[in-house]
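Structure record follows, encoded as structure tokens.
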Amino acid sequence: MITPIVVGPNLVPVIDDADVAASSRELAMLSAMAHYAVPEVLEALAAAIATDFEHGHVYSELIWAVLSGAARAKWERLVTATTWEYQSPFARKYYGEGKAEGKAEGKAEGKAEGKAEEAAAGVLTVLRARGIDVPDTIRDRVQHCEDLDTLEMWLSRAATAEAIGDVFD
């Protein structure tokens, strides 16, 4: 015969002290699951697992999966500054790939922004060299343009323009 054991909030202690939570992380996890509405409980658990580099990320993801709504949002705020190193080869591989992809995307975006800024500066430089006055609204439009094709078109037009209207539609 199987006798199920039901554990509810009345059977789980409220662990709202980081030192107590650190001394019994598993019990602190149960406490957080049962008493997540008590603000200090999530704070104590977050502090306790922040230095557990072996299991902290597992505890963090498990409690995140159990929480919802405001409690989940609070948990996310508490642990966003944590920098765990993933231990399993699986997690390291996929976390590492994600990190590398993010880095590559950021680098590509930075290059594209740099090219757009350079092209915008070129348009304004050519207009200035040709003695064409550039109103602030046009200057802002050029400086905030991120479309390289548009900037190149403006640069080509600026090279032969006699007035600002020759460049911009």
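The sequence shown begins at 3 in my numbering and counts up by one. Glycine included, every Cβ here is placed at the ideal spot set by N, Cα and C.
Could you check if residue i is buried or exposed, using at least 16 other CB atoms within 10 Å of its CB as the buried criterion?
i	result
leucine 13	exposed
methionine 31	buried
alanine 131	exposed
valine 8	exposed
threonine 58	A quick correction: the sequence has glycine, not threonine, at residue 58. Under this definition glycine 58 is a buried residue.
aspartate 18	buried
Kindly indicate which three-state DSSP category residue i falls into: helix, strand or coil?
i	result
aspartate 151	helix
methionine 35	helix
histidine 146	helix
histidine 59	helix
isoleucine 7	coil
Report the rounded CA-to-CA distance for residue i versus residue j, giving the unit in angstroms.
i	j	result
alanine 121	valine 60	48 Å
lysine 109	aspartate 151	20 Å
valine 16	tryptophan 66	18 Å
alanine 49	lysine 105	29 Å
First and last residue of the alpha helix (DSSP H) that includes residue i?
i	result
proline 41	41-51
valine 81	71-81
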